[in-house]
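K.L.:
Numbering (the numbering used here), first residue to last: 14 to 437. Beta carbons are placed, not taken as given, at the ideal position from N, Cα and C, and that holds for glycine. Before anything else, here's the structure in question.
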């Protein structure tokens with residue numbers, strides 16, 4: 014058996030990687046489903062019995078199609094028309110930032126293909142640069158270029174998701190959205206799988222984690238609603254109104270803030286701020302005003318790009334916890350193997366998107382080959398995923414109807430005095 018990649022375009026081989034967590038990346042990530050509220054701890058009261066409601070019939074996936082050879086279509090913004098002129102690379106130095114994510118993810122896809130080829134998998138991968146007119150999802154669908162596909166993998170932004178999701182649903186094949194944390198308005202689609210957890214998942218995970226770890230203790234919420242990013246993050250937290258909170262739309266006085274803090278114990282704080290610069294200002298203010306107080310602060314995924322958390326002298330009295338969907342440890346066997354392959358193929362050290370491209374392609378190729386085109390009930394079989402213990406669950410509306418599937422696995426990074434450890 015052999016594994017081959019069929020290219021529909023010329024690809025750049027020299028890429029740069031980026032391990033960036035840009036707040037703008039998280040801008041359009043709202044779910045349409047109702048989220049859970051987290052009330053303050055109160056004595057339990059006896060709930061009134063609720064009338065029984067008939068549950069909707071469980072969704073049944075169609076029979077899976079098994080083949081001797083499968084086709085995967087991979088979509089990403091590669092900007093090849095801008096990067097290559099007359100079959101020559103235009104950029105000799107640093108590539109444009111907008112192209113790095115897709116190219117790095119593609120490099121991971123290619124390395125996974127090499128690995129699977131050596132293992133005897135029978136899969137063809139077609140790569141589509143969605144920035145080219147005749148490689149957009151709409152053009153490919155209209156010209157029936159995707160009719161024989163068995164799986165879509167997309168490292169694409171929100172505007173490319175609906176067309177791919179709709180077509181995948183029609184063809185009873187899965188669309189793995191590997192980059193965007195947004196559902197992009199997709200609904201009633203059991204074949205749409207989000208690998209990047211949404212803001213709702215991050216915030217729910219934080220509040221559940223606090224409830225389990227700090228039993229009987231409510232956090233203090235420091236929030237802003239001035240900018241759209243921070244306003245959305247605060248709304249996604251969805252905490253009950255009785256949970257204490259202080260607005261930083263206009264900075265409160267030191268005296269007002271002190272009334273909500275404990276000078277002798279640890280102060281538990283949640284800051285649903287996607288704006289890294291604003292979050293950093295508040296952390297520095299806490300350290301300046303209360304240098305002898307101890308804080309445990311839970312923040313957003315975008316904070317991993319915060320400069321000060323990498324400086325040993327910055328707010329030493331504050332332990333900062335940041336949720337993240339992925340953690341790739343290059344000291345492990347799979348991590349070292351991928352790093353060596355990348356060094357031989359490209360040179361340098363692989364960034365996060367290379368790992369994500371590799372893992373997504375490797376694991377879903379495994380599921381496709383083992384279970385056929387419909388593997389949606391087999392996500393517990395994640396032993397072949399090299400790095401992440403995915404927790405893919407059905408997301409349902411108020412009527413119990415499946416909207417799509419989403420990965421809910423979260424890692425927790427703990428930063429203090431410039432060092433970090435991963436607790437989850």
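(1) Between 249, 203, 119, 219, which lies nearest to residue 91 when the distance is taken from Cα to Cα?
(2) Going by C-alpha distance, which of 302, 292, 252 is nearest residue 272?
(3) Could you please give me the residues that DSSP links to residue 336 through a beta bridge?
(4) With a 10 Å radius around its C-beta and 16 neighbouring C-beta atoms as the bar for buried, classify residue 243 as buried or exposed.
(5) Say whether chain D places a C-beta atom closer than 8 Å to the C-beta of residue 168.
(6) Would you call the stretch 212-225 and the stretch 281-290 touching, i.e. three or more CB-CB distances under 8 Å?
(7) Decide if the stretch 426-435 is in contact with the stretch 332-350; the criterion is three or more beta carbon pairs, one per stretch, under 8 Å apart.
(8) Cα-Cα, which of 262, 415, 274 is closest to residue 305?
(9) Where DSSP assigns a beta bridge to residue 174, which residues make up the other side?
(10) Rounding to the nearest angstrom, what Cα-Cα distance links residue 250 and residue 357 in this structure?
(11) Confirm, please, whether the CB-CB distance from residue 205 to residue 181 is below 8 Å.
(12) What's the C-alpha gap between residue 87 and residue 194?
(13) Could you give the residue range of the beta strand (DSSP E) that holds residue 137?
(14) Just to confirm, are residue 328 and residue 296 a CB contact at a threshold of 8 Å?
(15) Going by C-alpha distance, which of 367, 422, 415, 371 is nearest residue 393?
(16) So, with DSSP's three-state summary, where would you put residue 307?
(17) Take residue 84 as the anchor and find which of 135, 413, 431 has the nearest alpha-carbon.
(18) Could you tell me whether the Cβ atoms of residue 142 and residue 93 are closer together than 8 Å?
(19) Taking 8 Å as the threshold (C-beta atoms), are residue 375 and residue 129 in contact?
(20) Please work out which residues of its chain come closer than 6 Å, Cβ to Cβ, to residue 114, disregarding the five sequence neighbours upstream and downstream, and give them in chain order.
(21) Please report how far the alpha carbon of residue 436 lies from the alpha carbon of residue 254, in whole angstroms.
(22) Please classify residue 145: does DSSP put it in a helix, a strand, or coil?
(23) Ends of the alpha helix (DSSP H) at residue 167?
(24) So, helix, strand or coil for residue 45, using DSSP?
(25) In this structure, does DSSP put residue 206 in helix, strand or coil?
(26) In its own chain, which residues sit with a C-beta less than 7 Å from the C-beta of residue 373, not counting the 5 before and 5 after it?
(27) I think residue 379 touches residue 397, with their Cβ atoms under 8 Å apart; what is that distance to the nearest whole Å?
(28) From which residue to which residue does the beta strand (DSSP E) around residue 434 run?
(29) Using a Cβ-Cβ cut-off of 8 Å (strictly less than) and excluding sequence neighbours within five positions of residue 240, which residues of its own chain qualify?
(30) Using 8 Å for Cβ pairs, my map puts residue 280 next to residue 308. What's the rounded Cβ distance?
(31) When you compare the CB positions of residue 155 and residue 174, do they come within less than 8 Å of one another, or not?
(32) How many Å lie between residue 313 and residue 185 at the Cα?
(33) Would you tell me roughly how many angstroms separate the C-alpha atoms of residue 360 and residue 76, rounded to the nearest one?
(34) Of the choices 432, 420, 409, 433, whose alpha-carbon is the least far from that of residue 201?
(35) Please identify the residue among 150, 395, 169 whose C-alpha is closest to the C-alpha of residue 179.
(36) Under the three-state reduction of DSSP, which class applies to residue 389: helix, strand or coil?
P.N.:
Judging by the given coordinates:
(1) 119
(2) 302
(3) 425
(4) buried
(5) Among the protein chains of the structure shown there is no chain D, as only one such chain exists.
(6) yes
(7) yes
(8) 274
(9) Beta-bridge pairing links residue 174 to no other residue.
(10) 44 Å
(11) yes
(12) 18 Å
(13) 136-142
(14) yes
(15) 422
(16) strand
(17) 135
(18) yes
(19) yes
(20) 366
(21) 29 Å
(22) coil
(23) Careful: residue 167 lies outside any alpha helix (DSSP H), inside the beta strand (DSSP E) at 164-167.
(24) Because the pLDDT of residue 45 is 39, which lies under 50, any placement of that residue in the model is unreliable, and the number read from its coordinates should be weighed accordingly. Coil.
(25) strand
(26) 166, 189, 191, 208
(27) 4 Å
(28) 432-435
(29) 288, 291
(30) 5 Å
(31) no
(32) 35 Å
(33) 44 Å
(34) 409
(35) 150
(36) coil
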